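*Asks:* Below you'll find the structure I mean.
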Amino acid sequence: MSESHRLMRDPEPGQHGYPGNPGFPGFPDYTRYSGATQFEGHSFESDRPPRSEKDSTRNGSMTDSTRELDWEGENDTENPMNWSLWKKIVHTAIPALYTFGLTTGISTLVAGLPGIMEQFGLTSRNVALLPITMYTVGFVLGPCIAAPISDLYGRLVVYKVNIIILIICNAIAVASDNFAVLVIFRFFASLGGSGVMAVGAGTMSDLWDPSQVSRVGVAYLLAPFLGPSMGPLIGSYAIEQYGDWKWGIWVVLCILTPVAIAIFFSSETSKKQILTVRAKRRGSHPKGQGFAQRMQKIGKAMLKPWHMCIFEPVSLVLGLYTGFSFAMIFSFFGSYSYVYSTVYQFDARQTGLCYIGLIIGILLGLVTFAVFDATIYQKQVARTGDRVAPEHRLYAALVGSLLVPIGLFWYAWAPDESVHWIVPVMAGVPFAWGTMASFLSSLAYLASAFKPGDLSSAVAANGIFRFALGAAFPNFVFQMYQEMGINWAGSVFAFISLAFIPVPWLFFWKGKVLRQKSSYDLSKY
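Numbering-wise (full-length UniProt numbering), the sequence shown opens with residue 1 and increments by one.
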């Protein structure tokens, strides 16, 4: 084993969760790794000195100082799973709404680009796109920073610090009349505010029983897709209503402010943090890690997803596969503006409504994955006793891989003055349908293939690909449509999507062989 790989093996599994891993059907139940001996990636028993007679009571049971690092029975009132239903719903809604507002902010400024260019005297559309591009880049880095911090200090501190940074930096950006300040603080807003993408999934696992988490996690799962898809619609109406591009940011702050208030009245859900606070409250101080150890752990956890992006073939291929389709949603920020204004003379609000096709497709993709999971996959679970090959997660992706190019070719050749505008709008349905189905299947495959110690980093690596490509695509799409024309510019992306069709089929047929080539410890089924 290489030295670089050995370093990436640490830290051990945490409950923080990474983007896109909300405990959907078949995703790992993080609570299984949360017993007294080990939870959140820490072995507390191994941290203690050998047990002596002083550590036992007269009846031979363990003292509070030993027991306090686990729940006090199934009915422990401090266990988030035992909270009232309404309290659990509120704490579920917080990361879902936070993620929605956060990702909506990616695209609400699209309708404001003409106003930005006019106010700052810009002649380059790519320069005007920088507040959007740099905001998206923050999603590549932010979750990798927040996840290990959550593992050490709990989820609530991440939510509180992140929402403050997100709101303050966005407010500074929009209040300034300096373009450089706008770009820089938009980047800091997402860099410091996107931690929810890393820890939201862990919150779901904290609150709900494994039999329930698949249903309640849907809202959190949809948010990263619905946000960018609905952003142009929300932003265009706000900007049109108030006549100022700055409302493309103000409207995001209007969404996030109630969420921020709710966060500061919310409670910690991390088992490790709750039990650590309880132990200190009772006068016990379980051995922790020193500052240097904590910084080392944070550093390794931040680097591990990047290591997997480069050296782990399963993460690399699936990252490129899902990243392309996800980035195509971002490319529509430019192509929709060009196509519908050029062919159909739509204004910003009318163009924003065209994203409804994507929203419908996203919902259909979710349903498709859920149906395959509840039928074919569950039959395999019943037949094999839960020793199911990860390839059985890919049924929805097999369908989705065909739908994506259908939607893209449809969108490339449908726009014409003689063709009703609804026809190219509906092209977004099969595209988003296939994208969402493939995305969910790919994450489910990662969840089944990787062991707990590597899973979070594998999913984070997938997020790096998605948002890195998402930041890049809008910068050249508009120019492509201008230079190549609508039909052939759209066809370029459609032909690229054809090249990706074999990916899920290759994994379905030869996945076990590919997994055996990994330097990480993947499933042997």
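For each residue, glycine too, the CB sits at the ideal point set by N, CA and C. Treat the numbers as computed from the prediction; the structure is a model and nothing was measured.
Does DSSP put L122 in a helix, in a strand, or in coil?
*Replies:* Translated into positions along the sequence shown, residue 122 becomes position 122. Here L122 sits in coil by DSSP.
*Asks:* Please report how far the alpha carbon of I255 lies from the alpha carbon of P131, in whole angstroms.
*Replies:* As a working mapping, residue 255 is identified with position 255 in the sequence shown. As a working mapping, residue 131 is identified with position 131 in the sequence shown. For I255 and P131, the distance between alpha carbons rounds to 19 Å.
*Asks:* By the three-class DSSP mapping on this structure, what secondary structure does L129 have?
*Replies:* As a working mapping, residue 129 is identified with position 129 in the sequence shown. If DSSP states are grouped into helix, strand and coil, L129 belongs with coil.
*Asks:* Near A223, what residues of its chain come up, given a Cβ to Cβ distance below 6 Å and the 5 sequence neighbours on each side ignored?
*Replies:* One-based indexing of the sequence shown puts residue 223 at position 223. Closer than 6 Å at Cβ, skipping near neighbours: A96, T99, F100.
*Asks:* Roughly how many whole angstroms lie between the Cα atoms of L156 and E268?
*Replies:* Position 156 of the sequence shown, counting from 1, holds the residue named residue 156. Position 268 of the sequence shown, counting from 1, holds the residue named residue 268. Going from the Cα of L156 to the Cα of E268 covers about 5 Å.
*Asks:* Enumerate in chain order the residues of its own chain whose CB-to-CB distance from E312 is below 8 Å, with the five nearest sequence positions on each side excluded.
*Replies:* The sequence position of residue 312 within the sequence shown is 312, counting from 1. So the list reads A458, A461, S518, S519, Y520, once near-sequence residues are dropped.
*Asks:* Do three or more CB pairs link the stretch 409 to 421 to the stretch 486 to 504 at distances below 8 Å?
*Replies:* Yes, they touch.
*Asks:* Hey, F473 and A292: beta-carbon distance below 8 Å or not?
*Replies:* The residue given as residue 473 occupies position 473 in the sequence shown. The residue given as residue 292 occupies position 292 in the sequence shown. No, these two residues do not count as a Cβ contact at 8 Å.
*Asks:* Check for me: the alpha helix (DSSP H) holding G192 runs from which residue to which?
*Replies:* By 1-based counting over the sequence shown, the position of residue 192 is 192. First-last of the alpha helix (DSSP H) with G192: 179 to 193.
*Asks:* Given a cut-off of 8 Å, decide if M436 and G361 are closer than it, judged by their beta-carbon atoms.
*Replies:* Here residue 361 is taken as the residue at index 361 of the sequence shown, counted from 1. Here residue 436 is taken as the residue at index 436 of the sequence shown, counted from 1. Yes, the pair counts as a contact, with Cβ atoms nearer than the cut-off.
*Asks:* In this structure, how does DSSP classify L141 when only helix, strand and coil are distinguished?
*Replies:* Sequence index remark: in the sequence shown, residue 141 carries index 141 (1-based). In the structure shown, L141 sits in a helix (DSSP, three-state: H, G or I).
*Asks:* So what's L522 in DSSP terms, helix, strand or just coil?
*Replies:* The residue given as residue 522 occupies position 522 in the sequence shown. Strand at L522.
*Asks:* Please tell me whether Y159 has its Cβ less than 8 Å away from any Cβ of chain D.
*Replies:* Chain labels in this structure do not include chain D; a single protein chain is all it has.
*Asks:* Buried or exposed: where does H420 fall if 16 or more other Cβ atoms within 10 Å of its Cβ makes it buried?
*Replies:* Here residue 420 is taken as the residue at index 420 of the sequence shown, counted from 1. With fewer than 16 Cβ atoms within 10 Å of its Cβ, H420 is classed as exposed.
*Asks:* Give the range of the alpha helix (DSSP H) segment to which G338 is assigned.
*Replies:* The residue you call residue 338 lines up with position 338 of the sequence shown. Looking at the sequence provided, one finds Tyr at residue 338 rather than Gly. That run of the alpha helix (DSSP H) goes 313 to 342.
*Asks:* Identify whether F450 lies in helix, strand or coil by the three-state DSSP scheme.
*Replies:* Residue mapping note: residue 450 aligns to position 450 of the sequence shown, counting from 1. Correct three-state label for F450: strand.
*Asks:* Whether or not the stretch 393 to 404 and the stretch 492 to 511 are in contact is what I'm after, with contact meaning three or more pairs of Cβ atoms, one per stretch, closer than 8 Å; do they touch?
*Replies:* yes
*Asks:* State the CB to CB distance for the pair F187 and M117, rounded to an integer number of angstroms; the pair is presumed to be in contact (CB under 8 Å).
*Replies:* Here residue 187 refers to the residue found at position 187 of the sequence shown. Here residue 117 refers to the residue found at position 117 of the sequence shown. The C-beta distance from F187 to M117 rounds to 19 Å, too long to meet the 8 Å contact threshold.
*Asks:* Return the CA-CA distance between F450 and Y344, expressed in angstroms with no decimal places.
*Replies:* Position 450 of the sequence shown holds residue 450. Position 344 of the sequence shown holds residue 344. So the alpha carbons of these two residues sit roughly 48 Å apart.
*Asks:* Pick helix, strand or coil for G41, following the three-state DSSP scheme.
*Replies:* In the sequence shown, counting from the first residue as 1, residue 41 sits at position 41. Note that G41 scores a pLDDT of 36, beneath 50, so its modelled location is shaky and nothing firm can be said.
*Asks:* Can you find the residues in the same chain that come closer than 6 Å, C-beta to C-beta, to S497, ignoring five residues on each side of it along the sequence?
*Replies:* Here residue 497 corresponds to residue number 497 of the sequence shown, with the count starting at 1. V404, P405, L408.
*Asks:* By DSSP, does S267 sit in helix, in strand, or in coil?
*Replies:* Reading the sequence shown from its first residue, position 267 is the one you call residue 267. S267 falls in the coil class under three-state DSSP.
*Asks:* From P114 to L440, what distance separates their C-alpha atoms?
*Replies:* In the sequence shown, the residue the question calls residue 114 occupies position 114. In the sequence shown, the residue the question calls residue 440 occupies position 440. The alpha-carbon atoms of P114 and L440 are separated by roughly 36 Å.
*Asks:* Would you call the stretch 184 to 201 and the stretch 164 to 172 in contact, with 3 or more CB pairs under 8 Å?
*Replies:* yes
*Asks:* Quick check on R383: buried or exposed, where buried means 16 or more other Cβ atoms within 10 Å of its Cβ?
*Replies:* The count along the sequence shown starts at 1 and reaches residue 383 at position 383. R383 is exposed by the Cβ-count criterion.
*Asks:* With a 10 Å radius around its C-beta and 16 neighbouring C-beta atoms as the bar for buried, classify K280 as buried or exposed.
*Replies:* The residue you call residue 280 lines up with position 280 of the sequence shown. Classification for K280: exposed.
*Asks:* By Cβ distance below 7 Å, which residues in the same chain neighbour R349 in space, the five residues on each side in sequence not counted?
*Replies:* Counting from 1 along the sequence shown, the entry for residue 349 is found at position 349. S236, Y237, E240.
*Asks:* List the whole-angstrom C-beta distance separating Y481 from S335, where the pair is believed to meet the contact cut-off of C-beta under 8 Å.
*Replies:* Position 481 of the sequence shown, counted from the first residue, corresponds to residue 481. Position 335 of the sequence shown, counted from the first residue, corresponds to residue 335. Contact flag correct, Cβ pair sits at about 6 Å.
*Asks:* When you compare each of V367, R393, L364 to Q378 by their alpha carbons, which one comes out closest?
*Replies:* Counted from its first residue, the sequence shown places residue 378 at position 378. Nearest option by C-alpha distance: R393.
*Asks:* Below 8 Å between beta carbons: does that hold for P430 and I329?
*Replies:* Within the sequence shown, residue 430 is the residue found at index 430, counting from 1. Within the sequence shown, residue 329 is the residue found at index 329, counting from 1. No.
*Asks:* Could you give the DSSP three-state label for T77: helix, strand or coil?
*Replies:* Against the sequence shown, residue 77 aligns to sequence position 77. The answer is coil: DSSP assigns T77 none of H, G, I, E or B.
*Asks:* Over what stretch of residues does the alpha helix (DSSP H) that includes N487 continue unbroken?
*Replies:* As a first step, residue 487 is located in the sequence shown; it is residue number 487 there, counting from the start. That run of the alpha helix (DSSP H) goes 486 to 500.
*Asks:* Can you tell me whether A444 is helix, strand or coil according to DSSP?
*Replies:* Working through the sequence shown from its first residue, we reach residue 444 at position 444. Helix at A444.
*Asks:* Could you give the DSSP three-state label for W413: helix, strand or coil?
*Replies:* As a first step, residue 413 must be located in the sequence shown, where it is residue number 413. In the structure shown, W413 sits in a helix (DSSP, three-state: H, G or I).
*Asks:* For G434 versus L402, is the C-beta distance shorter than 8 Å?
*Replies:* As a position in the sequence shown, residue 434 is number 434, starting the count at 1. As a position in the sequence shown, residue 402 is number 402, starting the count at 1. Taking C-beta atoms as the reference points, G434 and L402 count as a pair closer than 8 Å.
*Asks:* Is I249 near L109, with beta carbons less than 8 Å apart?
*Replies:* Your numbering for residue 249 matches position 249 in the sequence shown. Your numbering for residue 109 matches position 109 in the sequence shown. Yes, these two residues count as a Cβ contact at 8 Å.
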